[in-house]
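Step one of this worksheet: look at the structure below.
Protein chains in written order, with our numbering: chain A, 1 to 291; chain B, 1001 to 1291.
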C-alpha cells in the first residue's frame, strides 16, 4: 500500500477540514495550507498514505498551536455514549453477541470526520454522519469482506487479545466489543494514541468513553496515523508481539499493519478510492478481514 | 470571485486528469504533479481561479511536451457532430428557436472533461458524460437563473454579437445557437482560444465543428482559461469593445468577465462548489445570466 497521486488532493481536503475546525481566520487557513503543499512535495510515495498524513497533521497542529479536533472528539464521544445502552441491549439480546458486537464495531468506524468531504453549508466544515442509518446498514447488509467465521474461531482459541482503537466516538463501539470479548473470558488490552492526531482516540477518550473502567488501556506513545511499529513505545511493541490475536480498527491501522505478518483481524470501512481500489472494492465498503 | 482554499485540492484533481490523459508513466505523473504543488503555492488568491488554472495547465503542457487534451477534444467534436442533425431539427421545429438553441448551448457546456472527478474504472481517467440526459434536463427543467426574456429582447436590438466559445464538443452546440442568431439576421463573430488550454476550443475545433463555415471566427491569441482581457490580442479586444452584445460560454469566462461592466449573457453550468456557493446555487446548476 503506497501513496498514489490521487492521495494528493485528498491530503489537502483533510487538511482543510482540520484547518476549518482549528481557526476561523481565512488568512491563517491559507497560509498553513500553503505550507502543507511543501509537505506533500516531500512525501515518500513508497510508504502507506498514513505516513504522509502523520507529518501533515503534525505540521497543522504545530502551526495552529493546538489540536483542532479536541472539541469535536469529545462531542462525538458524548453522542456515542448516548447510544451505548441501546447498543448494549442489542448485543445482549442477539443470538450471537460476538457477531453483533463486531458488526457494531465496524459501524462505529464510519464515525470519522477527518476524511470525508465537508458539507458545503456546515459551519463546522464537518460531514454529518447518519449514525443510526450506519448501524442498520452494518447489521442488516452483508460485509464486502466477511471473515467472521475465522474471527469467531480465532477468538475462541485466544486468551489474550490486543485491541487497537481508531477514532473518538467510535471508541464507545469498541468498548462494547471489548466488553463482549471479556464476557467470553478473554483478557483484552486496548491501545490508544500517545498524543492527538486527527480524531484518533487518546487516553482522554478512553477515559471519556468509559473504556478505562473495562480493561487495561495502554497508549502507543506516538501521534501516528495508523500504527507504525518502529515509532511506537517498547511497551506497545511488547504488547503487540505478545498478543495471540490483534483486533485492528480503521483504515490507517490496516494500511500500516497489513504487511507485518501478525495474525490480525481488521475491522473497518474503506474510506478512500485508492485503498478501496487496491482491495478491489467500492469506496465505503465495510470489512472484517483476516490478515 | 477569488481563489478559495477549496480550490487547492480541485487544482490537483484537474491536474491529475490532464496528466493521466497525457502519459501512462506514473513516475512522470508524480513528478509533474509535485511541481504543480509549487505552482499552487504561489497562486495569487485575490484573482479568479481561472488565473491559477491557466498557469497550472501551461506548466503541465510544458512538462509533458504536448497538449494532453488534443485527442479527446477531437473525439468530443465528433460525438457532438453526430448529434447535430437531430438538434438542428429540434431547434427548427420548436415554437421559439432562440429559446431552444440557447438551452442546448447551455447543455453543451456540460461536456467538460477538465473539471469533473474521473471515474474510478475509466481507463482514460475521464468522466463519461450523459449527453442525451443532459440535453433533456436543459430542455425540460427550469434553469437556476433564467434571464431568457432579457436575452431575447437584447438580441432583438443588437446587430453585432460577439460569441465566446468554451470547450471542444460544446462548440457544435455553439454553432447551432450561432446559426439561429444568423437566421434572425444577426452578424455574429465567434472567438476561440489562440492556443490549447485544457479542453477549450481553438481554431482547429472551430474548423472541425464546421463553425468556420457559419461565421467569422477569431482567436483571442491566448492560452488563458476564461478571458483575461489584458492578455488577449488587440484584435480581440477591439471585437469585445465593439460588440453590442456578448454571449459568453462557460464558468471560466464567467469568472473572468463578470466584473468588466460589459453587457454580457453568461450561458454555463456552475461546475464547482466555490463558484456555486458565491452564486448561492447548488453545484451543477445551469444558468442563462445577464451581467
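Think of the CB as a built atom: it goes at the ideal place given N, C-alpha and C, for glycine as much as any other residue.
Here the structure is a predicted model, which is why all the values come from computation and not from measurement.
In the three-state scheme derived from DSSP, where H, G and I count as helix and E and B as strand, residue 1090 of chain B is classed as helix.
When DSSP reads this structure, residue 268 of chain A sits in a beta bridge with A:287. Residue contact check for residue 269 of chain A against chain B: no CB pair falls below 8 Å. In this structure, the straight-line span from the alpha carbon of residue 1159 of chain B to that of residue 1242 of chain B is close to 11 Å.
C-alpha of residue 265 of chain A to C-alpha of residue 290 of chain A: approximately 5 Å in a straight line. Contact between the stretch 1003-1011 of chain B and the stretch 1043-1051 of chain B is present, with at least three C-beta pairs closer than 8 Å. Under the Cβ criterion of 8 Å, residue 1198 of chain B is not counted among the residues facing chain A. Every beta strand (DSSP E) stretch that sits fully inside the stretch 207-272 of chain A and reaches 3 residues is listed by chain position as 216-219, 245-249 and 264-269.
Between residue 221 of chain A and residue 232 of chain A, the CB-CB gap stays under 8 Å.
Listed in chain order, the non-local C-beta contacts of residue 148 of chain A below 8 Å within the same chain comprise 99, 102 and 288, local neighbours out to five positions each way being set aside. Counting C-beta pairs with one atom in each stretch, the stretch 1061-1080 of chain B and the stretch 1152-1169 of chain B have three or more that are closer than 8 Å, which means they touch. By the neighbour-count criterion, in which 16 or more other beta carbons inside 10 Å mark a residue as buried, residue 1031 of chain B falls on the exposed side. Take residue 1135 of chain B, set aside five residues on each side of it, and the residues of its chain with a beta-carbon closer than 6 Å to its own are 1107, in chain order.
Listed along chain B, no residue sits closer than 8 Å to residue 244 of chain A by beta-carbon distance, the nearest being about 38 Å off.
A Cβ-Cβ contact shorter than 8 Å links residue 227 of chain A with residue 257 of chain A. Taking a beta-carbon distance threshold of 8 Å, residue 174 of chain A does not count as an interface residue toward chain B. Contact note: residue 24 of chain A does not reach chain B at a C-beta cutoff of 9 Å; the least C-beta distance is about 13 Å.
The Cβ atoms of residue 250 of chain A and residue 236 of chain A lie no closer than 8 Å to each other. Under the three-state reduction of DSSP output, residue 186 of chain A falls in the coil class, being neither helix nor strand. Separation of residue 1283 of chain B and residue 208 of chain A (C-alpha to C-alpha, rounded to the nearest whole angstrom) is 40 Å.
According to DSSP, residue pairing for residue 1163 of chain B in a beta bridge involves B:1190 and B:1247. Between residue 1022 of chain B and residue 1068 of chain B, the beta carbon gap of about 3 Å places them in contact (Cβ cut-off 8 Å). A Cβ-Cβ contact shorter than 8 Å links residue 1198 of chain B with residue 1225 of chain B. By the Cβ-count criterion, residue 179 of chain A is buried, with 16 or more other Cβ atoms from all chains shown falling within 10 Å of its own Cβ. Interface flag for residue 1009 of chain B against chain A is set, since a Cβ pair is found closer than 8 Å. Taken through DSSP and simplified to helix, strand or coil, residue 1145 of chain B comes out as strand. Within chain B, the residues whose beta carbon sits less than 9 Å from that of residue 38 of chain A are 1037, 1038 and 1041, listed in sequence order.
Under the Cβ criterion of 8 Å, residue 29 of chain A is counted among the residues facing chain B.
Under the DSSP definition of a beta bridge, residue 1200 of chain B partners with B:1167. Residue 1008 of chain B sits in a helix when the DSSP states are folded into three classes. Per DSSP, residue 1046 of chain B lies in no alpha helix (DSSP H) and is assigned neither H nor E. For residue 1137 of chain B, the enclosing alpha helix (DSSP H) covers residues 1131-1140.
When only Cα atoms are considered, residue 1215 of chain B and residue 1044 of chain B end up about 37 Å apart. Closer than 8 Å to the CB of residue 1053 of chain B there is not a single CB belonging to chain A. Each of A:92, A:16, A:27 and A:112 was checked against the Cα of residue 60 of chain A, and the nearest Cα belongs to A:16.
Secondary structure of residue 1054 of chain B (DSSP, three-state): helix.
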